[in-house]
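Numbering follows UniProt numbering, with no gaps: position 63 of the sequence shown is 63.
Every residue, glycine too, gets a C-beta built ideally from N, C-alpha and C.
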Amino acid sequence: GWFTSLFPVALAPGGQEPGSALKAVKEQLRAVPRRGVGYGLTHDLTGIPAGLSFNYLGQLDSGTGVGLFSRLEEPAGENVAGHGTRPHLIDVNGAVTDGRLSLAWTYSSNLHDRATVEGLAEDFVVRLRELIEHCLTEEAGGL
């Protein structure tokens, strides 16, 4: 298993060009004190609600199909009870399985229209592809 540290961070992309935006975000994340560890002890003191939670779980398989864990093919149900209080307005959980990135967007239909969240997710994919294309260029280091 692993430990996850949830902490708030406001990121300014630093421009429209993918390379400069990526660099600016990386620098801002590196500047977070103790990589966010310890925030949980003090977060109730701020009173500022968190709007979006982004959780990248990493690569969940080794690519060999052999290991201690395997992916469950059946639906596992919701992560949070439907009547429970949502700590974030939108939750995005991502992981790589079988070499493919999947993102699950969870939100309250009482607060957001499906089309709005789908539009946000589609824009996210467009921007992610732009970053990938940039990272594959020779000037950015390529493969």
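One alpha carbon belongs to T97, the other to V25, and they sit about 25 angstroms apart. Taking a 10 Å sphere around the C-beta of I132, we find fewer than 16 other C-beta atoms and assign the residue as exposed. Residue burial annotation: P87 is exposed, with fewer than 16 other C-beta atoms found within 10 angstroms of its C-beta.
Residue pairing by DSSP places Q59 opposite V96 in a beta bridge. Contact annotation: L52 and L89 have beta-carbon atoms nearer than 8 angstroms. Taking C-beta separations shorter than 8 angstroms and ignoring five residues to either side along the sequence, the partners of H112 in its chain run L89, I90, following chain order.
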